[in-house]
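Before any comments, here is the structure.
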Amino acid sequence: MDEHFLSKFREAPRPEFAETLWQKLHQQTTTESAPGRRQPLWRTPVLAVLSVLVVLAVLLSFPSVRVAAQQFLDLFRVQRFVAVSVDPGRIEQLEQLKEGKIDVKALLSGSTQVLKDPGEPQIVDDPVAAGERAGIHVSLPKTLPEGMTQAEIRVQGEGAARFTADTVKLQQLLEVLDIRDLQVPEQLNGAIVTVHVPPAVVIRYTKGKVGARLLQSRSPEMTLPLGVDLPQIVEIGLRIAGLKPSQAQQFAYSIDWHSTLLVPVPANAASFREVSVRGTTGLLIETQGKHRPPTQNGPDFERGSILLWSENDMVYALSGEIRSFDLVQMANSLQ
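Position 302, counted from 1, in the sequence shown is what my numbering calls 319; the numbers after and before it change by one each time, with no gaps.
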């Protein structure tokens, strides 16, 4: 597959897109939270920022490819999820960068060309209509926690973007984080990576003040030049996430990154484990809940869980402020 499969999406981005891209990445979930309610940890910006930083190390460091050779691309699809425990001190450090030496958001938004803007999520009446819009079969849980009912169905449109590598900024980030033993090769600057995110269906369930959300979509795809030393690049991302040199190297070289999406999890706020889901292996993340002192700004974190898995070229995310047992039971009852 070459990057021409995205040519039908090419359009001039709206002028304000670069400024709002970060918010759009979280639009589906954050719009569901009522004002004043506590937010589950996985819907907070800091975790999303850290996730993007890990992916960013991959996106910003691919070998340059001449125009004549751009048809030779590698294709990546999400087939499994792997979590890594992250030092909360590094999370705070990354947050402080927003008001300090470097604008973390600029690492992404400053080099992004929008090929297809997904737009605002659209509310639909039923799963059949949602499936028709998204081009997928919408699966529904046969089993729900007692008293929980379906509240809303939304469809998020298709999205596509092109990222241009800026290794100078990436090296600057490494230096600010005092990572001195890794060097980003200058010749990698200007490499182009394309990302295609298919439409997604999000179904929200509620029971009083608690709820659950089921997201389903075809697997996102990323195309990039062949010949990339992915483990080396992932190692940079893991170091940005705060792993020790030996841990980052061992982790980076033990996984097939062509089909794996890395999920950073703050060590002091959540735990994770692999679980069996519908005949495959899923990743279950359980948040511990956190009360923020009155002297600090921001919401508390609710106790809850999120279950991630992939099957038949589809990716699923089921999250909620319910017991992890109920979450897994819901997932296994999909039909």
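A virtual CB, placed ideally from N, CA and C, is assigned to each residue, including glycine.
Counted as a single uninterrupted DSSP element, the alpha helix (DSSP H) harbouring residue 107 occupies residues 105-114. In the DSSP annotation of this structure, the continuous segment of the alpha helix (DSSP H) that includes residue 189 starts and ends at 184-193.
In the DSSP assignment, residue 263 falls outside any beta strand (DSSP E) and within the unbroken alpha helix (DSSP H) covering 262-269.
In this structure, 114 is the residue among 99, 100 and 114 with its C-alpha nearest to the C-alpha of residue 106. Remark: three or more beta-carbon pairs, one from each stretch, lie closer than 8 Å, so the segment 148-159 and the segment 233-243 are flagged as touching. Counting only the Cα atoms, residue 192 lies some 11 Å from residue 185.
Across the structure, residue 163 and residue 226 are spaced so that their CA atoms are roughly 14 Å apart. Residue 284 is positioned such that its CB atom lies closer than 9 Å to that of residue 103. Comparing alpha carbon positions, the residue from 167, 161 and 266 closest to residue 144 is 167. Between residue 135 and residue 198, the CB-CB gap reaches or exceeds 9 Å. For residue 336, the number of other beta carbons within 10 angstroms of its own is at least 16, and it is reported as buried. In this structure, 200 is the residue among 138, 101, 161 and 200 with its C-alpha nearest to the C-alpha of residue 253. When only Cα atoms are considered, residue 351 and residue 207 end up about 44 Å apart. A distance below 9 Å separates the beta carbons of residue 194 and residue 110. Secondary structure note for residue 346: its alpha helix (DSSP H) is the uninterrupted segment 341-349. For residue 274, the CB contacts under 6 Å within the same chain, skipping 5 residues up- and downstream, are 247 and 251 in chain order.
A direct Cα-to-Cα measurement between residue 174 and residue 158 gives close to 23 Å. Distance check between residue 183 and each of 129, 249, 266 and 343 places 129 closest, using alpha-carbon atoms only. Taking C-beta atoms under 8 Å as the contact rule, residue 101 and residue 282 qualify, at a distance of about 7 Å. Beta-bridge analysis with DSSP links residue 326 to 333.
The beta carbon of residue 95 lies closer than 8 Å to those of 236, 237, 276, 277, 278, 327 and 332 in the same chain, with the five residues before and after it left out. Along the segment 123-172, the alpha helix (DSSP H) occurs as fully enclosed runs of 4 or more residues at 123-126 and 144-151, listed in sequence order. DSSP places residue 281 in the strand class (E or B) of the three-state scheme.
Look at residue 201 here: in three-state DSSP terms it is coil, with no helix or strand label. Per DSSP, residue 251 lies in no beta strand (DSSP E); the unbroken alpha helix (DSSP H) holding it starts and ends at 247-257. Cα atoms of residue 222 and residue 228: separation of roughly 5 Å, rounded to the nearest angstrom. Taken atom to atom, the span from the alpha-carbon of residue 271 to that of residue 264 is near 11 Å.
DSSP places residue 221 inside the beta strand (DSSP E), whose first and last residues are 217-224. Residue 352 carries a coil assignment under DSSP once its states are collapsed to helix, strand and coil.
Judged by beta-carbon spacing, residue 99 lies beyond the 9 Å limit of residue 292, meaning their Cβ atoms are not closer than that value.
Rounded to the nearest angstrom, the Cβ distance from residue 320 to residue 304 is 6 Å, consistent with a contact under 8 Å. Of the residues 141, 344, 338 and 213, the one whose Cα lies closest to the Cα of residue 219 is 141. When the five nearest sequence neighbours on each side are left out, the beta carbons in the same chain lying within less than 6 Å of the beta carbon of residue 346 are those of 160, in order along the chain.
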